[in-house]
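S.K.: Position 285 of the sequence shown, counting from 1, maps to 286 under the working numbering, and the rest follow consecutively.
Every residue, glycine too, gets a C-beta built ideally from N, C-alpha and C.
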Amino acid sequence: MSKSKKLLVIGGCGYIGSHMVKCLLNAGHDVVVLDDLSAGYKENMLGGELVVGDCGDRVLLDRLFSGHHFDGVLHFASLIQVGESVVNPAKYYQCNVAKTLTMIEAMKDHGIGALIFSSTAAVFGEPVYTPINEAHPRQPINPYGMSKHMVETILRDFDRAYGFRSVALRYFNAAGADPEARIGEGHEPETHLIPLALQAALGKRPALKVFGRDYDTPDGTCIRDYIHVDDLADAHLLALEYLWNGGASTVFNLGNGEGFSVQEVLNTIERVTGKPVPAEDAPRREGDPARLVADASTAKLTLGWKPQYADLETIVQHAWQWELKRG
Ligand code: UDP
């Protein structure tokens, strides 16, 4: 393991960011979190120092970057609702692109050269082939995916022009929770399949709506690649180490390489929880491709990344323990 480093985690009070903070602390690193608490919770931080503020506030960034010697920045803070991005693109481009540009420009000006950026499978749009590797065409079909694609492009150009080094990680479906159930998924509003289905099983929500049973898949429901949030965090740490060891700026797709249909997820949840999941059929959700499965072999080869919790049962088990604990 490399010696202790100091990292800024932007959005470290959110779902994936808080698991990242845990991972960095476990590896012996120092962590400062910058979060405006618009979608995150202080209680999600298992350690480190919290600065409450806006990641697009240049004055605050200058103060932070002058006051600390950061060895890298991990940027998780962004808006994530596809549907909202379609009706309010201004909000998405402002938050996900404009603020991020301000932040990376501040990093560049302060000579901080290692950025890990949270990207998404939504940069690909409708898949042309599957599983999806890094070379797959990028044709986002909504402003959310486009905002991440734009930042990836900005990062490519910053590398070419200024030698600014970064790794963009394209998540497929982040899921699961801390195995000790200290932190887990809690979006407001919640739109993700696994937490919604678990809450329906607990009677905390009405029946889960299955968005479409007429897709071209074996059981007609959409297929996704679910990846444990702790495995995602591990990949970020490996990507940082890759940059610290002189690795070139790049992008990696992160998933397990195995697809599960919505129905298979519901069946797994029923097995793990021992409870029926009340569910009803609903029309397709706009912008949902039939099948999104990652080819993550580049990340595995280049970073030596090995997901620890690659089976869906374990992912659901951890999410369930968290759901029971948060009450
Ligand atoms: N889904 C569903 N009902 C819900 C939420 C999600 O049927 O209430 C489906 C959705 O259409 C997709 C899969 O579950 O095929 C995963 O959706 P989620 O929103 O969790 O992640 P996404 O794939 O959109 O990133």
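1) Compare the Cα-Cα distances from Lys1 to each of Asp63, Phe125 and Ala178 and report the closest residue.
2) Which word fits Pro196, buried or exposed, when buried means at least 16 other C-beta atoms lie within 10 angstroms of its C-beta?
3) Could you pull the start and end residues of the alpha helix (DSSP H) that Thr274 belongs to?
4) May I ask you to report which of helix, strand or coil DSSP gives Val129?
5) Would you identify the three-state DSSP class for Thr101, choosing helix, strand or coil?
6) Please determine, among Trp321, Asp220 and Asn257, the residue with the shortest C-alpha to C-alpha distance to Ala122.
7) Starting from the Cα of Ala1, find the closest Cα among Thr299, Asn254, Tyr227 and Pro290 and give me that residue.
8) Is Lys210 near the ligand UDP, with its Cβ less than 6 Å from a heavy atom?
9) In this structure, does DSSP put Ser148 in helix, strand or coil?
10) Give me the residue from Ala115, Leu203, Phe261 and Thr222 with the minimum Cα distance to Lys276.
11) Taking just the CA atoms, how far does Leu233 sit from Ala311?
12) If you check the beta carbons only, do His30 and Asp231 fall under 7 Å apart?
13) Run the CB neighbour count on Gly126, radius 10 Å, all protein chains shown included, and call it buried at 16 or more, exposed below.
14) For Leu47, which three-state DSSP category applies?
15) Regarding Asp289 and the ligand UDP, is the C-beta to nearest heavy atom distance less than 6 Å?
16) Using 6 Å as the cut-off, classify the Cβ of Asn174 as near or not near the heavy atoms of the ligand UDP, replying yes or no.
17) Determine the extent of the beta strand (DSSP E) in which Leu8 is found, giving its start and end residues.
18) Out of Thr154, Ala175, Glu271 and Asn174, which one is the CA nearest neighbour of Phe165?
M.R.: From the atom records:
1) With the chain covering only 2 through 328, there is no way to say anything about residue 1.
2) Walking along the sequence shown from the start, residue 196 turns up at place 195. Classification of Pro196: buried, given that the 10 Å Cβ count is 16 or more.
3) Counted from its first residue, the sequence shown places residue 274 at position 273. Run containing Thr274: Val263 to Thr274, per the alpha helix (DSSP H) assignment.
4) Within the sequence shown, the letter at position 128 stands for residue 129. The answer is coil: DSSP assigns Val129 none of H, G, I, E or B.
5) Position 100 of the sequence shown, counted from the start, is the residue given in the question as residue 101. Of the three classes helix, strand and coil, the one that applies to Thr101 here is helix, per DSSP.
6) Walking along the sequence shown from the start, residue 122 turns up at place 121. Ranking the options by Cα distance to Ala122, first place goes to Asn257.
7) Absent from the structure is residue 1, since the part of the chain shown begins at 2 and ends at 328.
8) Locating residue 210 in the sequence shown gives position 209, counting from the first residue. Flag set: Cβ of Lys210 near the ligand UDP.
9) To locate residue 148, count along the sequence shown from 1; it is residue 147. Residue state, collapsed to three classes: helix.
10) Working through the sequence shown from its first residue, we reach residue 276 at position 275. Checked all of Ala115, Leu203, Phe261 and Thr222; the closest Cα to Lys276 is Leu203.
11) Locating residue 311 in the sequence shown gives position 310, counting from the first residue. Locating residue 233 in the sequence shown gives position 232, counting from the first residue. Their Cα atoms are separated by approximately 11 Å.
12) Position 29 of the sequence shown holds residue 30. Position 230 of the sequence shown holds residue 231. No; because the gap between Cβ atoms is not below 7 Å, this pair is not in contact.
13) The residue given as residue 126 occupies position 125 in the sequence shown. Answer is buried; the Cβ neighbour count reaches 16.
14) To locate residue 47, count along the sequence shown from 1; it is residue 46. Here Leu47 sits in coil by DSSP.
15) Locating residue 289 in the sequence shown gives position 288, counting from the first residue. Yes, since a heavy atom of the ligand UDP falls inside the 6 Å radius drawn around the Cβ of Asp289.
16) Position 173 of the sequence shown, counting from 1, holds the residue named residue 174. Flag set: Cβ of Asn174 near the ligand UDP.
17) Here residue 8 refers to the residue found at position 7 when the sequence shown is read from its first residue. Note, Leu8: beta strand (DSSP E), Lys7 to Ile11.
18) In the sequence shown, the residue the question calls residue 165 occupies position 164. Out of Thr154, Ala175, Glu271 and Asn174, Thr154 has the C-alpha closest to the C-alpha of Phe165.
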